[in-house]
Amino acid sequence: MPELPEVENARTVLAEAVGRTITDVDDRDDWVCRPHRPGDIASALKGGRLTRAHRIGKTMWCDTETADGDAGPALGVHLGMGGRIVVTNGDGERIGGGPARPDRQPRKAEWDRFTMTFDDGGRFRLFDKRRLGRVRLDPDLSGLGPDAEGMEPAEFRDRLLRGTAAVKARLLDQSVLAGVGNLLADETLWQARIDPRTRVHDLTRTDLDRLHRNLDRALERAIARGGVHTGEVIEHRHPGGHCPRCGTEMVHGTVGGRSTWWCPQEQT
DNA sequence: AACAATGTTCAGTC
DNA sequence: GGACTGAACATTGT
Numbered sequence: 001m002p003e004l005p006e007v008e009n010a011r012t013v014l015a016e017a018v019g020r021t022i023t024d025v026d027d028r029d030d031w032v033c034r035p036h037r038p039g040d041i042a043s044a045l046k047g048g049r050l051t052r053a054h055r056i057g058k059t060m061w062c063d064t065e066t067a068d069g070d071a072g073p074a075l076g077v078h079l080g081m082g083g084r085i086v087v088t089n090g091d092g093e094r095i096g097g098g099p100a101r102p103d104r105q106p107r108k109a110e111w112d113r114f115t116m117t118f119d120d121g122g123r124f125r126l127f128d129k130r131r132l133g134r135v136r137l138d139p140d141l142s143g144l145g146p147d148a149e150g151m152e153p154a155e156f157r158d159r160l161l162r163g164t165a166a167v168k169a170r171l172l173d174q175s176v177l178a179g180v181g182n183l184l185a186d187e188t189l190w191q192a193r194i195d196p197r198t199r200v201h202d203l204t205r206t207d208l209d210r211l212h213r214n215l216d217r218a219l220e221r222a223i224a225r226g227g228v229h230t231g232e233v234i235e236h237r238h239p240g241g242h243c244p245r246c247g248t249e250m251v252h253g254t255v256g257g258r259s260t261w262w263c264p265q266e267q268t
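First residue of the first sequence? That's 1 in the UniProt record's numbering, and the numbers climb one at a time after it.
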């Protein structure tokens, strides 16, 4: 589930862990914590605390402070393809989390890929069945473009036009703008009535501005409703699905290396 | 069993 | 060197 809207929600959950002293860290998953070795993150953070939770695009990180009150290493967290953040209080009750959080699925202990325990008995966990999430000390953020939320129209246009690829590939490129994933890209392009395969240079300025407005709207809507899966066209992204506006059967293909669905009638 | 999956990264090509 | 494409990554669900 994680694209910008889900990650922003996860960030607010993560923020619930700020201020409590870290007494224990389970960083034994050397795939999720690579290239660190087991124990590296634990020794860097034990005794310290998180001081603030940040996000750019789909990447989150926390500032930390050591037991002495000095600045500690940042703790980077990425949810990958399906990770979730879970923060509990001393009673094991979940805290934080915005609107619409279904999530009542069986949880196996081995799907907790990284855990921090606090002095009050509360915990922070990265829950991730697929194991494509990542936890890192001092994550490299230099490859990320500006956050997709709150961009100026001119900046959006200029950055997209820096390349020549299909418009959907440009939207998905995290160095162009950070936060758009596969579902949000399909939703936005459908809302803006633009064929995902269109090369950016074949779009007019009007097209690009319309695309930008629809991205803003799709982001706002997804954040308010609890995720990109609440998009209007998302439930019709399957074989036999029909465009909820005109009824034409949706078409499937690969664009920007990702599975893509669009309305062949309206998206031109 | 084979394939797809809301993400990133690396190798290969132009 | 940059931009772009497709496979690989680990794992689960269909």
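No residue lacks a Cβ here, since even glycine has one placed at the ideal position from N, Cα and C.
Handout entry: Exposed unless 16 or more other CB atoms sit within 10 angstroms - verdict on threonine 23
Key = As a working mapping, residue 23 is identified with position 23 in the first sequence. Threonine 23 comes out exposed.
Practice task
Put alanine 100 into one of helix, strand or coil per three-state DSSP.
Solution key: Position 100 of the first sequence, counted from the start, is the residue given in the question as residue 100. For alanine 100, the predicted model reports a pLDDT of 46, less than 50, meaning its position is unreliable; a value from the coordinates is still stated below. It is coil, neither helix nor strand.
Problem - Within 9 Å, strictly: CB atoms of arginine 52 and alanine 15 - result: In the first sequence, counting from the first residue as 1, residue 52 sits at position 52. In the first sequence, counting from the first residue as 1, residue 15 sits at position 15. Yes. Within cutoff.
Handout entry: Proximity below 9 Å, CB of glycine 122 to CB of glycine 83
Key = The residue you call residue 122 lines up with position 122 of the first sequence. The residue you call residue 83 lines up with position 83 of the first sequence. No, these two residues do not count as a Cβ contact at 9 Å.
Problem - Unbroken beta strand (DSSP E) run spanning alanine 53, endpoints - result: Numbered from 1 along the first sequence, position 53 holds the residue referred to as residue 53. It spans 49–56 - the beta strand (DSSP E) in which alanine 53 sits, taken as one unbroken run.
Exercise for the section: Compare the Cα-Cα distances from isoleucine 95 to each of Thr260, Gly257 and Arg125 and report the closest residue. Expected result: For the purposes of this step, residue 95 is taken as the residue at position 95 of the first sequence. Measuring from the Cα of isoleucine 95, the nearest candidate turns out to be Arg125.
Practice task
Following the continuous beta strand (DSSP E) through tryptophan 61, name the residue where it begins and the one where it ends.
Solution key: For the purposes of this step, residue 61 is taken as residue 61 along the first sequence, with counting starting at 1. 59–65 is the extent of the beta strand (DSSP E) around tryptophan 61.
Exercise for the section: Tell me, please, which residues DSSP counts as bridged to aspartate 24. Expected result: Against the first sequence, residue 24 aligns to sequence position 24. According to DSSP, which records beta bridges pairwise, aspartate 24 is partnered with Thr117.
Problem - Residue from Asp138, Asp91, Ser43 and Arg170 with nearest C-alpha to histidine 78 - result: Residue mapping note: residue 78 aligns to position 78 of the first sequence, counting from 1. Out of Asp138, Asp91, Ser43 and Arg170, Asp138 has the C-alpha closest to the C-alpha of histidine 78.
Practice task
Check whether the stretch 261–268 touches the stretch 240–252, taking contact to mean three or more Cβ pairs, one atom from each stretch, closer than 8 Å.
Solution key: yes
Practice task
Please report the Cβ distance between phenylalanine 114 and valine 135, rounded to the nearest whole angstrom; I am assuming they are in contact, meaning their Cβ atoms lie under 8 Å.
Solution key: Working through the first sequence from its first residue, we reach residue 114 at position 114. Working through the first sequence from its first residue, we reach residue 135 at position 135. Correct: roughly 5 Å between the Cβ atoms.
Problem - Assumed close pair glycine 145, alanine 178 - CB separation to whole angstroms, cut-off 8 Å - result: Here the question's residue 145 lines up with position 145 in the first sequence. Here the question's residue 178 lines up with position 178 in the first sequence. Indeed, because the Cβ distance is near 5 Å, the residues count as touching under 8 Å.
Problem - Rounded straight-line distance, which links the Cα of proline 153 to that of arginine 199 - result: Taking the first sequence and counting its residues from 1, the one referred to as residue 199 is at position 199. Taking the first sequence and counting its residues from 1, the one referred to as residue 153 is at position 153. Each residue's alpha carbon lies about 19 Å from the other.
Exercise for the section: Pull up the distance between the alpha-carbon of tryptophan 262 and that of isoleucine 56, whole angstroms please. Expected result: As a position in the first sequence, residue 262 is number 262, starting the count at 1. As a position in the first sequence, residue 56 is number 56, starting the count at 1. Their backbone Cα atoms lie some 28 Å apart in a straight line.
Exercise for the section: Measure how close the beta-carbons of leucine 184 and valine 233 come, nearest whole angstrom, since I'm counting them as under 8 Å. Expected result: As a working mapping, residue 184 is identified with position 184 in the first sequence. As a working mapping, residue 233 is identified with position 233 in the first sequence. No, leucine 184 and valine 233 are not in contact; Cβ-Cβ is about 11 Å, not under 8 Å.
Exercise for the section: May I have the straight-line CA-CA distance separating threonine 88 from arginine 159, to the nearest angstrom? Expected result: Indexing the first sequence from 1 puts residue 88 at position 88. Indexing the first sequence from 1 puts residue 159 at position 159. Those two C-alpha atoms are separated by around 40 Å.
Handout entry: Contact the stretch 165–182 vs the stretch 1–9: 3+ CB pairs below 8 Å
Key = yes
Practice task
Label histidine 212 either buried or exposed according to how many other C-beta atoms from any shown protein chain fall within 10 Å of its C-beta, with 16 as the threshold for buried.
Solution key: Within the first sequence, residue 212 is the residue found at index 212, counting from 1. With 16 or more other Cβ atoms within 10 Å, it is buried.
Exercise for the section: Use the C-beta contact count for alanine 100: other C-beta atoms within 10 angstroms, 16 or more gives buried, fewer gives exposed. Expected result: As a first step, residue 100 must be located in the first sequence, where it is residue number 100. Reliability of the predicted coordinates at alanine 100 is poor, the pLDDT of 46 falling under 50, and no value is obtained from them.
Practice task
With a 10 Å radius around its C-beta and 16 neighbouring C-beta atoms as the bar for buried, classify arginine 162 as buried or exposed.
Solution key: Here residue 162 refers to the residue found at position 162 when the first sequence is read from its first residue. So arginine 162 ends up on the exposed side.
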